[in-house]
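In the UniProt record's numbering, the protein residues as written are 1 to 381. Everything on this sheet refers to the single structure shown next.
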Amino acid sequence: MRTIEDDAALKILADVIKIPSVNDHELTVAKYLQDLLAKYDISAKIHPITGDRANLVAEIGHGQPVLAVSGHMDVVAAGDLAAWDTDPFTLVEKSGQLFGRGVTDMKAGLVALVVAMINIQQQGGPKHGTIRLLATMGEEVGEAGSAAFYQQGAMQDAAGLLIAEPSTVYGTAAEQKGSCDLKLTSKGKAVHSSTPERGYNALVPLIKLLNEANDYFETIPAGEMGPVRFNIDVLNGGDQVNSLPDLATALVNVRTIPEYDNDQVTQKLADLIAAYNQQGADIKMTAIMNESPIATTADNRLVKLVQAIGKPYAGRDVVVASSPGITDASNLAKRQPADFPFAVYGPGNMTQHQVNESLPKQMFYDFIAIYQQLFTRFLAE
Ligand SMILES: [Zn+2]
């Protein structure tokens, strides 16, 4: 029985970091993992999504219960290369720290899931039940990979879900805010600025509406995960200073909570738009992205196990906080009951999306060991 030791796991992580899967090319990561799993007699299926992009699914064990474990294969862009001390797509180790794009978010988590599954399999597999790896594409932008898994029914028989994203350092999360990206388009009538009464300025009602919406959402009482956040991120309109704009657009991102969810946000905006349109505006709204908030109770069974198993590694009680970002859980944990065993729990040190992204090497090794215990105990209990 060959298990993967820490040094070999580090080599696998280096191989995966080397694949520049920046919002694309997840297929290369999927093929690498498929080949790796095949060496240990674990068959994995690649689900093509589009072009060079794909999901990967692999299982060990059989029957119920099914524990779904998930990580994404894409990373965000490296950003300013000159600001990096090392090549972002080469795993570099310096005094116990690992550096590279995706080492925290979340290739270390992904590789730790895969190595833990291989090691459990090499030690005879789960006694009963199934561990199902859902490796996704496109998590960082749009979450199309997890949406496809959800639609294919990959979560239908799942008794629990672990997302290997970094939460806080050795901490975990059982909930995350929702997020929606909306585009508002305002149409007007262009005329020369000397005779504005003959035209209609597309920017004016849009700016008023955005201000009114911004003020309104600030009055929503904060929920357990904090306040609703209404972010006006992009505003465009007009071509030149002596002509009224006939078109104006805005992009807004709203972070939602269970107490005030995506449907309530879009309904409120639709009501505002209807009121402005009654007064002569011509504003339309389209949803670009729509991810629901997820809230399971912090004492669900998976979080309890995480707390018990993770405590000696953390050197303190495992903190249960809100997930700082949106994860694939917004698709994968959709429509689950409040007591559904769900946790975001993975190696990370809060350097995601930054230059010189890093991770303590020991934390990577710890999570391989943690996952082996966590998966085995979840299926055994
Ligand atoms: Zn991530």
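A virtual CB, placed ideally from N, CA and C, is assigned to each residue, including glycine.
Item                                                                                                                                                                                    : Value
Which whole-angstrom value describes the C-beta separation of Pro166 and Gly348, a residue pair presumed to lie in contact below a C-beta threshold of 8 Å?                             : 2 Å
Which same chain residues end up closer than 8 Å to Gly346 when comparing Cβ atoms and leaving out the 5 residues on each side of it in sequence?                                       : Gly71, Met106, Ala108, Gly109, Ala112, Ile163, Ala164, Glu165, Pro166, Ser167, Phe367
Consult DSSP for Asn277 and reduce its assignment to one of helix, strand or coil.                                                                                                      : helix
Given a cut-off of 7 Å on the beta-carbon distance, is the pair Tyr202 and Gly188 in contact?                                                                                           : Position check: residue 202 holds Ala in this sequence, whereas Tyr was assumed. Yes, the pair counts as a contact, with Cβ atoms nearer than the cut-off.
Provide the residue span of the alpha helix (DSSP H) that contains Met106, from first to last.                                                                                          : Premise fails: Met106 is in no alpha helix (DSSP H) and is neither H nor E.
Counting C-beta neighbours from all protein chains within 10 Å, is the total for Val234 16 or more, i.e. buried, or is it exposed?                                                      : exposed
Provide the residue(s) that pair with Gly348 in DSSP beta bridges, ordered along the chain.                                                                                             : Paired residues: none, contrary to the question.
So does Asp74 have its beta carbon nearer than 6 Å to some heavy atom of ligand 1?                                                                                                      : no
Please list the terminal residues of the continuous beta strand (DSSP E) segment that includes Gly199.                                                                                  : Looking at the DSSP string, Gly199 is not in any beta strand (DSSP E), and its letter there is neither H nor E.
Please work out which residues of its chain come closer than 6 Å, Cβ to Cβ, to Gln264, disregarding the five sequence neighbours upstream and downstream, and give them in chain order. : none
Can you tell me whether Ala308 is helix, strand or coil according to DSSP?                                                                                                              : helix
Going by the CB atoms, is the gap between Ser21 and Val76 shorter than 7 Å?                                                                                                             : no
Is Asp41 a contact residue of ligand 1, with contact defined as CB to any heavy atom under 6 Å?                                                                                         : no
Where DSSP assigns a beta bridge to Arg335, which residues make up the other side?                                                                                                      : Its beta-bridge partners do not exist; DSSP assigns none.
Just grab the DSSP bridge partners of Asn236 for me.                                                                                                                                    : Thr249
Going by beta-carbon coordinates alone, are Lys183 and Thr266 separated by less than 7 Å?                                                                                               : no
Going by the beta-carbon positions, is the gap between Gln121 and Tyr40 smaller than 7 Å?                                                                                               : yes
In the structure shown, what three-state DSSP assignment does Lys127 receive?                                                                                                           : coil
Does any residue of chain D have a CB that is nearer than 7 Å to the CB of Asn211?                                                                                                      : As a matter of chain content, chain D is missing from the structure shown, which is built from one protein chain.
I'd like the span of the alpha helix (DSSP H) that includes Val320, first residue to last.                                                                                              : Unbroken run through Val320 is the beta strand (DSSP E), 320-323; no alpha helix (DSSP H).
Apart from the five residues on each side of it in sequence, which residues of its chain come closer than 7 Å, Cβ to Cβ, to Asn119?                                                     : Thr3, Ile4, Gln372
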